[in-house]
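Engineer: In our numbering, the protein residues as written are 803 to 1263.
Beta carbons: idealized from backbone N, C-alpha and C, even for Gly.
Note that the structure is predicted; figures quoted are calculated from it, not measured.
I have a structure here, written as C-alpha cells, and I will follow up with some questions on it.
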Ligand code: UDP
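Right, dumping it as C-alpha cells:
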C-alpha cells in the first residue's frame, strides 16, 4: 500500500478532442509518466480516447454536450468555443473533490492543457493550481497568432486575393497565402466566423496565469521562431519535440488502424511507395478523389492511400471507396493499398515508404521529417499552409501541390518526387534532417535538456 505523502506527483492533462491534438498530449502523458508522474487525462466525451488502450493513465470524462452533428453544423471555430463554455463547470466539479483530498497532503496537481482548451486555465486559476500550456502546432504558427492583431489593425486581414503572393510585413518567410487566417477555408466556416476566429486566436495566444508553455518542436527545426516566441509570450518555453519519438507510443487513435497494410509494405521495394493521407480533418470531394485515383494509377508507383470513412456528420464522412472511379481497382491490382486509417508512424518508418503526399498538419510534418520522408504538400486550412511554407521554402524537403489538380498534374508530381533527380535531393535533405532531429532528443540534445528542465520545474511546482 502507498504511504501518505509517498505518492507520485500528479499531472492532469486536458487534450483538445481532435486526433492531431490528442496524439501529442498522450505522448506527453507517456513521457511524464516515465519520469515518475501520475497522469490523469481529463477528456471530453466527444472523441473520447480509449482508457483500455492506456492502462498507465487515469481517465476522467468531462461532459461536453456536443456531437458530430454540432461539429458539422457549427464549424470548427464555434465548436471549440462551445467546448470551452460547456466544459468549464464539469471540469471544476470533477477536480474539486480531488483537490480537497490533496490539499491535506500538500500535493496539488498541475494542469497541462491544450492551447485551445483555455477553460482549463480558468479552472486551474479558481482552484489555485499551477497550469502549463501545450501548444501542439509549430512555433512559427504561434508567431502568426501574435502578429494577427497588428495585421488586423493595419488592414491586412482579411487579405485580398491579389495580395496572396505578397510577403507579409515583418513576418518572414510568409506570404499572405501562407497565413492560417483564411477563415473561408475552415471546415464548416461561414461569414460570421471571422470574429469567432479572431477571438479563438486571441484565446490561444493568451498565456493568462499559466507558468510555462510546452511546444512539440525543437531548436534545430525552429530556432529563429522559438527565439522570437520567447520574447513575445514572456513565459518560459520548453520545446521538447518530437514527442512521438521520445515517448513509448501509447495508442491514441480514435479510429481503428488497419495494420494489414504493413504486410503489404513488406513486399514493396525500398523507397518505392508513396503514402497518401490528408490527416483526420481534411477530405477530398468526389472530383478530387477521382483525379487523385487516376493520378496514382498512371504514375505506376506503388501507393498506400488513407481514404477515411468516418461517422456520419463528421468531417471524415465524405470520402468513400465507393466513390473510386470504375476500372480503378482493376487497373491498380496489387500496386495500391487503400485503408480507412493507417498506423502512420509505423508506415513512415517503413523502409519501403519513399514519399508522403500530405495535408501537412503539424504532427504529420514532424512525423515525416523525423523519419526522413520527403513530402508532396497539399494544405487546406489553418496551420497546414504555415507548415507547407517551411517544408518547401525553409527546410526544402518537399514541394506544394496546388488544389484542384488534374490527374496528369498529380501523376507528374508523384514521378517528380519518387523517380526524379529533384526527388532524390529532397529525400537526401529529409534524411539529413532525420539525423539532426534524432540528436535533439538524445542525451545532451536541446529537447532532451529542455525536457529535464520542464520535469524539474513540474516536480517543484
Ligand atoms: N494519423 C494516423 N493514421 C492515419 C492518418 C493520420 O495515425 O491514417 C495520425 C498521424 O500520425 C498524426 C495525426 O493522425 O499524428 C494527424 O495529425 P496532423 O496534425 O497531421 O493532422 P490533423 O489530423 O490534425 O489535421
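For residue 1158, which of 1123, 1141, 1073 and 885 has the nearest alpha-carbon?
Structural biologist: On the chain shown, position 356 is the one that residue 1158 refers to. When each option's Cα is compared against that of residue 1158, the closest is 1073.
Engineer: Does at least one heavy atom of the ligand UDP sit under 7 Å from the Cβ of residue 1225?
Structural biologist: By 1-based counting over the chain shown, the position of residue 1225 is 423. Because no heavy atom of the ligand UDP lies under 7 Å away, the Cβ of residue 1225 does not count as near it: no.
Engineer: Specify whether the segment 935–946 and the segment 1175–1192 touch according to this definition: at least 3 beta carbon pairs, one from each stretch, less than 8 Å apart.
Structural biologist: Enough Cβ pairs lie closer than 8 Å, so yes.
Engineer: Buried or exposed for residue 1173, please, with buried defined as at least 16 other CB atoms from any protein chain shown within 10 angstroms of its CB.
Structural biologist: As a first step, residue 1173 must be located in the chain shown, where it is residue number 371. With 16 or more other Cβ atoms within 10 Å, it is buried.
Engineer: Pull up the distance between the alpha-carbon of residue 1258 and that of residue 873, whole angstroms please.
Structural biologist: Position 456 of the chain shown, counted from the start, is the residue given in the question as residue 1258. Position 71 of the chain shown, counted from the start, is the residue given in the question as residue 873. Approximately 39 Å, taken between the alpha carbons.
Engineer: What's the gap between the Cα of residue 1022 and the Cα of residue 1127?
Structural biologist: Counting from one through the chain shown, the residue named residue 1022 turns up at place 220. Counting from one through the chain shown, the residue named residue 1127 turns up at place 325. C-alpha separation (whole angstroms): 44 Å.
Engineer: Could you check what DSSP says for residue 1253 in three-state terms: helix, strand or coil?
Structural biologist: For the purposes of this step, residue 1253 is taken as residue 451 along the chain shown, with counting starting at 1. It is helical.
Engineer: Kindly indicate which residue of 1081, 912 and 965 has the alpha-carbon position closest to the one of residue 821.
Structural biologist: For the purposes of this step, residue 821 is identified with residue 19 of the chain shown, where counting begins at 1. Out of 1081, 912 and 965, 1081 has the C-alpha closest to the C-alpha of residue 821.
Engineer: What is the DSSP secondary structure of residue 942, reduced to helix, strand or coil?
Structural biologist: By 1-based counting over the chain shown, the position of residue 942 is 140. Reduced to three states, the DSSP call for residue 942 is helix.
Engineer: Along the chain, where does the alpha helix (DSSP H) that runs through residue 1097 open and close?
Structural biologist: As a first step, residue 1097 must be located in the chain shown, where it is residue number 295. It spans 1088–1101 - the alpha helix (DSSP H) in which residue 1097 sits, taken as one unbroken run.
Engineer: So is residue 928 buried or exposed if we call it buried at 16+ other beta carbons inside 10 Å?
Structural biologist: The residue given as residue 928 occupies position 126 in the chain shown. Classification of residue 928: exposed, given that the 10 Å Cβ count is below 16.
Engineer: If distances are taken between C-alpha atoms only, which option among 1141, 1097, 1070 and 998 comes closest to residue 1059?
Structural biologist: Within the chain shown, residue 1059 is the residue found at index 257, counting from 1. Selected option, being the one with the closest Cα: 1141.
Engineer: Please state whether DSSP places residue 1153 in a helix, a strand or coil.
Structural biologist: Within the chain shown, the letter at position 351 stands for residue 1153. Three-state DSSP puts residue 1153 in coil, outside helix and strand.
Engineer: What do you reckon, are the CB atoms on residue 1047 and residue 864 nearer than 8 Å?
Structural biologist: Within the chain shown, the letter at position 245 stands for residue 1047. Within the chain shown, the letter at position 62 stands for residue 864. Not closer than 8 Å, so no.
Engineer: What runs of the alpha helix (DSSP H), each 4 residues or longer, lie entirely inside the segment 993–1024?
Structural biologist: Fully enclosed alpha helix (DSSP H) runs of 4 or longer: 995–1007.
Engineer: Could I get the ranges of all uninterrupted beta strand (DSSP E) runs contained in the segment 1127–1194, with 3 residues as the minimum, in chain order?
Structural biologist: The segment 1127–1194 contains these whole beta strand (DSSP E) runs: 1138–1141, 1155–1160 and 1177–1179.
Engineer: Does residue 1221 come out as helix, strand or coil in the three-state DSSP assignment?
Structural biologist: The residue labelled residue 1221 in the question sits at position 419 within the chain shown. It is coil, neither helix nor strand.
Engineer: Applying the 10 Å Cβ sphere with the 16-neighbour rule, what's the burial state of residue 972?
Structural biologist: Stepping through the chain shown from its first residue, residue 972 is reached at position 170. Exposed: under 16 other Cβ atoms inside 10 Å.
Engineer: I believe residue 1015 touches residue 933 by the beta-carbon criterion, under 8 Å. Please report the beta-carbon distance rounded to the nearest angstrom.
Structural biologist: Stepping through the chain shown from its first residue, residue 1015 is reached at position 213. Stepping through the chain shown from its first residue, residue 933 is reached at position 131. So it is not a contact: roughly 10 Å between Cβ atoms.
Engineer: Which runs of the beta strand (DSSP E), 3 residues or longer, sit entirely within the segment 866–939?
Structural biologist: Listed in chain order, the complete beta strand (DSSP E) runs (minimum 3 residues) inside the segment 866–939 are 912–916 and 933–937.
Engineer: Let me confirm a value: residue 1103 is counted as buried when at least 16 other C-beta atoms fall within 10 Å, else exposed. Which label applies?
Structural biologist: Residue mapping note: residue 1103 aligns to position 301 of the chain shown, counting from 1. Buried is the call here.
Engineer: Measuring from the CB of residue 854, is there a heavy atom of the ligand UDP at a distance below 7 Å?
Structural biologist: For the purposes of this step, residue 854 is identified with residue 52 of the chain shown, where counting begins at 1. Checking the Cβ of residue 854 against the ligand UDP gives no.
Engineer: Should residue 856 go down as buried or exposed, given a rule of 16 or more other Cβ atoms within 10 Å for buried?
Structural biologist: Looking up residue 856 in the chain shown gives position 54. Residue 856 should be labelled buried.
Engineer: Under 8 Å between C-beta atoms, does residue 1136 make it to chain B?
Structural biologist: Note that chain B does not occur in the displayed structure, where there is just one protein chain.
Engineer: The ligand UDP heavy atoms versus the CB of residue 1108: any closer than 7 Å?
Structural biologist: Sequence index remark: in the chain shown, residue 1108 carries index 306 (1-based). Flag set: Cβ of residue 1108 near the ligand UDP.
Engineer: Do residue 1184 and residue 982 have their CB atoms nearer than 8 Å?
Structural biologist: Here the question's residue 1184 lines up with position 382 in the chain shown. Here the question's residue 982 lines up with position 180 in the chain shown. In this structure, residue 982 lies closer than 8 Å to residue 1184 by Cβ.
Engineer: Comparing alpha-carbon positions, which option in 976, 997 and 1052 lies nearest residue 854?
Structural biologist: As a working mapping, residue 854 is identified with position 52 in the chain shown. Nearest option by C-alpha distance: 1052.
Engineer: Is residue 1165 near the ligand UDP, going by C-beta to nearest heavy atom under 7 Å?
Structural biologist: Working through the chain shown from its first residue, we reach residue 1165 at position 363. Yes.
Engineer: Name the one or two DSSP bridge partners that residue 845 has.
Structural biologist: Locating residue 845 in the chain shown gives position 43, counting from the first residue. In DSSP, residue 845 forms a bridge with 863.
Engineer: Is residue 1152 near the ligand UDP, going by C-beta to nearest heavy atom under 7 Å?
Structural biologist: Mapped onto the chain shown, residue 1152 falls at position 350. Checking every heavy atom of the ligand UDP against the Cβ of residue 1152, none is found closer than 7 Å.
Engineer: Kindly examine the ligand UDP and report whether one of its heavy atoms sits closer than 7 Å to the Cβ of residue 1143.
Structural biologist: Locating residue 1143 in the chain shown gives position 341, counting from the first residue. Yes, the ligand UDP has a heavy atom inside 7 Å of this Cβ.
Engineer: By the three-class DSSP mapping on this structure, what secondary structure does residue 1114 have?
Structural biologist: Residue numbering aside, residue 1114 sits at position 312 when the chain shown is read from its first letter. The predicted model places residue 1114 with a pLDDT of 42, which falls under 50 and marks its position as unreliable; any figure quoted below should be read in that light. If DSSP states are grouped into helix, strand and coil, residue 1114 belongs with coil.
Engineer: For residue 1197, which of helix, strand or coil comes out of DSSP?
Structural biologist: Against the chain shown, residue 1197 aligns to sequence position 395. Note: residue 1197 maps to coil in three-state DSSP.
Engineer: May I ask whether a heavy atom of the ligand UDP can be found less than 7 Å away from the beta carbon of residue 1084?
Structural biologist: Locating residue 1084 in the chain shown gives position 282, where the first residue counts as 1. It does: the Cβ of residue 1084 is within 7 Å (strictly closer) of some heavy atom of the ligand UDP.
Engineer: Using the Cβ count rule (16 or more neighbours within 10 Å means buried), how would you classify residue 965?
Structural biologist: Stepping through the chain shown from its first residue, residue 965 is reached at position 163. So residue 965 ends up on the exposed side.
Engineer: Note the first and the last residue of the continuous alpha helix (DSSP H) segment covering residue 836.
Structural biologist: Stepping through the chain shown from its first residue, residue 836 is reached at position 34. Here the alpha helix (DSSP H) through residue 836 covers 821–836.
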